[in-house]
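In mature numbering (1 follows the signal peptide of the UniProt record, and there is no 0), the protein residues as written are -22 to -1, 1 to 253. Here the structure comes first, spelled out in structure tokens, and everything after it is commentary.
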């Protein structure tokens, strides 16, 4: 095997460092639009550096929910978690649009004890017993995350797309399974059900692993929490937004126990088809 020139190796390392600067949570369905009687879909779920390429950690499925077209909850089947990804199947027993989401909420705290800075993360009801009574400079942040994808069997429907009213969520003004190149799509973001203005949104096409530029598009929601997206090409896309507490690596970041700071994040995978 021939050795790569040093210059090419250096370029490759630089590219890898540039594109692998963040871990991204995603769900990737085997299909987003299906036909036939009671079809099935398989979904991969992971947290990775390269979008839609499982290379870091599996997504935990404890917070998984599947909302059926009539608004009811249905169960995922054959769930499995491996080294780099989780997988599960969904039987689309009803015609219409399904909303799949993995939702989590936790508390993040930093404090000083005996002159040392310590960190803690867990459920809200465990904080009181887990944080020592002698803790000083306690800083607390409430963390909420939601990762979603959308699947339609037959004719699209809207009932499953209604927001839950908790955390940062996407309200599709353009149906998420009716996205095509050459036709702008409109989305609204809400926080606890109310318009989320001034939220930074990032949209990245899949295939990051095979190009030298991330290809990201950035938006800021307007007063009604809305953005409009023009799709440059067909394919799978990742949508991401974050609201609230920045600087989570700062030991002084966060609020108090009574009034914690808040960080709400959202991500979704959608498919854009050619016109």
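Backbone N, C-alpha and C define an ideal beta-carbon position, used for all residues, glycine too.
At least three beta-carbon pairs within less than 8 Å, the stretch 163 to 180 to the stretch 114 to 131: no
Nearest to residue 303 (by Cα), restricted to the options 153, 87, 245: It is not possible to answer for residue 303, since the shown part of the chain is limited to -22 through 253.
Nearest-angstrom Cα separation, counted from residue 32 out to residue 219: 21 Å
Rounded C-alpha distance that separates residue 84 from residue 222: 15 Å
Cutoff 7 Å; reference residue 16; Cβ partners in own chain excluding five residues on either side: 69, 70, 71
Residue 166 versus residue 207 - alpha carbon distance: 11 Å
Through-space distance from residue 138 to residue 248, alpha-carbon basis: 16 Å
Where residue 188 falls, given that 16 or more other Cβ within 10 Å makes a residue buried: exposed
Residue of 25, 157, 148 minimising C-alpha distance to residue 61: 25
Option nearest residue 43 by Cα separation, candidates 53, 36, 244: 53
Given residue 39 as reference, the closest of 65, 50, 29, 48 once Cα atoms are compared: 65
Coil, strand or helix - residue 76 by DSSP: strand
C-alpha gap between residue 118 and residue 99, whole angstroms: 10 Å
Residues near residue 135 in its chain [Cβ-Cβ closer than 7 Å; skip 5 each side]: 47, 74, 75
Residue 54 Cβ short of 8 Å to the ligand GDP heavy atom set: Summarising the ligand content, the structure contains no ligands, and the ligand GDP is consequently not present.
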